[in-house]
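Q: Let me give you the structure first, and then I'll get to my questions.
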Amino acid sequence: MIITIHRGINQIGGCITEIASASGTKILIDLGHNLPEGENRDNDPLDKIENIDPILDGVSAVFYTHSHGDHVGFEAVIDKKGIPQYIGRLSKKLLQLQRGNILYYHPTPELRASKKAIDNFTTYEANKPIKICDITITPYYVSHSAPDAYMFVVECDGRTVLHTGDFREHGYRGKGLKPTIQKYIVPRNIDVLVIEGTMLGRDDSRMISEATLYEELTELMRKYKYVFVMCTSQDADRISSINHAVATVGGRRMLVDGYQYKVLEAFEKELGQGNFLCYQYKRKHYFRKNWSNVLDKDCKRGFAMLVRNNCNFRKALDEMMPLLDKEQCCLVYSQFKGYITPKHSAFMQNTYDFIHTFDWHFMYLHTSGHASRETLEMVCKNVKPKMAIIPIHREARSDFRELNLSEELKNKVITQSTSIEDIKIVVK
Ligand SMILES: [Zn+2]
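In the numbering used here, the protein residues as written are 2 to 429.
As structure tokens, this is what we get:
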């Protein structure tokens, strides 16, 4: 078996992992864009076809852990080469909605090709193995800020690899992580653990749970009648917290636009069943243009409104804000703080300007979609890989050996190319 980390050993986002069997079958796990630095989305060397061609050479399938843009991004190129692409069913639906929405405003040939490629994606299901020649891949559900995320157990040549993708232990389904590992992963006797380490390099002392975030949101909604929330449209847990807070305060609605409404319907259909009624967004309300009507009829007692930084929302807010009492308005920014922190490498002037457009009260309220140090330790200790721990999706200066692990496990941390018995590890 050969494990190649094409990208991700020393960066967050844009991770590409290849697993090849001795007979030459090759699969890729995730192939997305580098995370944007500021507003510059064009800094990805893989945007040049001559750089992506060698990575795709001889690949039999691409498996995506979830739908975030740093994991899925080159679907049209891959589709054109006839390489099958696999993803979870809800992730496929969310990508179709997202690409379809952009296509509506920007009908370019590139976006059409992207949409067509996503329509061709094959979907996998949790706990159901898929065979690609002599490689078997089994997805297991994990909690993340994307609602349909998986880790993979990959088996070939009598060896097993666990690739975690992005994950966390909180969120409304995060508690399932440890039982899943103990029930399904431990018995597989994992040889190599490929694990994300996003939070290792971020000193986020305030890593609150999604449930605590709900409580803080509720308090805020008691204080302000009109609460605008800027969060990722496809973060099912965050929107559940907002919807739940709206319901707790009572008499209010959660205003959403047409795109967001369709996304929520997809969450309800795929996630909001059985014990997970938190994914039924009962307070959602599709707002239409006539604001005085909305305010007098539907939202007399206030609202929470999901907003995004685009011209439609700017126009809507320009019309609506003069009708509201500013003292009762609050904007909650519920995304990565780096985007709105001047001098941070991820700073986005456009987003910064948007949140400062109006004279509303401002509040930062967010929690990460990634595993805390304690969760990373729990996974390493429980999985106890026999041969290697390969940390990816992490800052270059972070060190897995700083975690509270046994010396035996620390000695298995690998960040450079090496061979262990019959497993070759290539780090690019
Ligand atoms: Zn992600």
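Ideal placement from N, C-alpha and C gives every residue a C-beta, glycine not left out.
On the criterion of 16 or more Cβ atoms from any shown chain inside 10 Å, does A397 qualify as buried, or is it exposed?
A: exposed
Q: Among the candidates F355, K425, L366 and S399, whose CA atom is the shortest distance from the CA of M388?
A: Looking at the Cα atoms, K425 is the closest of the given residues.
Q: Where does E422 sit, in a helix, a strand or coil, going by DSSP?
A: E422: coil per DSSP, three-state reduction.
Q: Do K82 and M379 have their C-beta atoms within less than 8 angstroms of each other?
A: no
Q: Report back the beta-carbon spacing between Y432 and S234 to the nearest angstrom; my notes put them in contact at under 8 angstroms.
A: Residue 432 lies beyond the residue range present for the chain, which begins at 2 and ends at 429; the question has no answer from this structure.
Q: The beta strand (DSSP E) that contains E197, what's its start and end?
A: V193 to E197
Q: Are there 16 or more other CB atoms within 10 angstroms of the CB of S24, so buried, or fewer, so exposed?
A: exposed
Q: Between the C-alpha atoms of N412 and R402, what's the straight-line distance to the nearest angstrom?
A: Between N412 and R402, the C-alpha separation is close to 8 angstroms.
Q: Give a single yes or no on whether G74 has its beta carbon closer than 7 angstroms to a heavy atom of ligand 1.
A: no
Q: T161 to V155, Cα distance in whole Å?
A: 6 angstroms
Q: Just the Cα atoms here: how many angstroms apart are V63 and T124?
A: 12 angstroms
Q: Could you tell me if the beta carbon of G101 falls within a distance shorter than 7 angstroms of some heavy atom in ligand 1?
A: no
Q: Between L36 and H345, what straight-line distance do the alpha-carbon atoms span, to the nearest angstrom?
A: 13 angstroms
Q: Mind checking whether Y138 and I28 have CB atoms under 8 angstroms apart?
A: Before going on, a small fix: residue 138 reads as Ile here, not Tyr. Yes, the pair counts as a contact, with Cβ atoms nearer than the cut-off.
Q: For the 8 angstroms Cβ check, are there 3 or more pairs between the stretch 189 to 204 and the stretch 157 to 172?
A: yes
Q: For V187, count neighbouring Cβ atoms within 10 angstroms of its own Cβ and tell me buried if that reaches 16, exposed if not.
A: By the neighbour-count rule (16 or more Cβ atoms within 10 Å), V187 is not buried but exposed.
Q: For K290, count the other beta carbons within 10 Å of its own beta carbon; 16 or more makes it buried, fewer makes it exposed. Which is it?
A: exposed
Q: Apply the 10 Å Cβ neighbour rule to H367 and answer buried if 16 or more other Cβ atoms are within range, or exposed otherwise.
A: Around the beta carbon of H367, a 10 Å sphere encloses 16 or more other beta carbons of the protein chains shown; the residue is thus reported as buried.
Q: Just to confirm, does H67 get its C-beta within under 7 angstroms of one of the non-hydrogen atoms of ligand 1?
A: yes
Q: Compute the minimum distance between the beta carbon of H145 and the heavy atoms of ligand 1, and state whether it is under 7 angstroms.
A: yes
Q: Give, in chain order, every unbroken run of the alpha helix (DSSP H) that is at least 4 residues long and sits entirely within the stretch 48 to 135.
A: 50 to 57, 76 to 81, 90 to 106 and 110 to 120
Q: Distance check for Y353 and F363, CA to CA, integer angstroms please.
A: 12 angstroms
Q: State the Cα-Cα distance for the pair T249 and K283, rounded to the nearest angstrom.
A: 12 angstroms
Q: Run the CB neighbour count on L265, radius 10 Å, all protein chains shown included, and call it buried at 16 or more, exposed below.
A: buried
Q: Buried or exposed: where does T18 fall if 16 or more other Cβ atoms within 10 Å of its Cβ makes it buried?
A: When all chains shown are included, T18 counts as buried.
Q: List the residues that DSSP assigns as beta-bridge partners of T5.
A: E19 and V427
Q: Going by DSSP in three states, H442 sits in which element: helix, strand or coil?
A: Any question about residue 442 goes unanswered here, given that the chain covers just 2 to 429.
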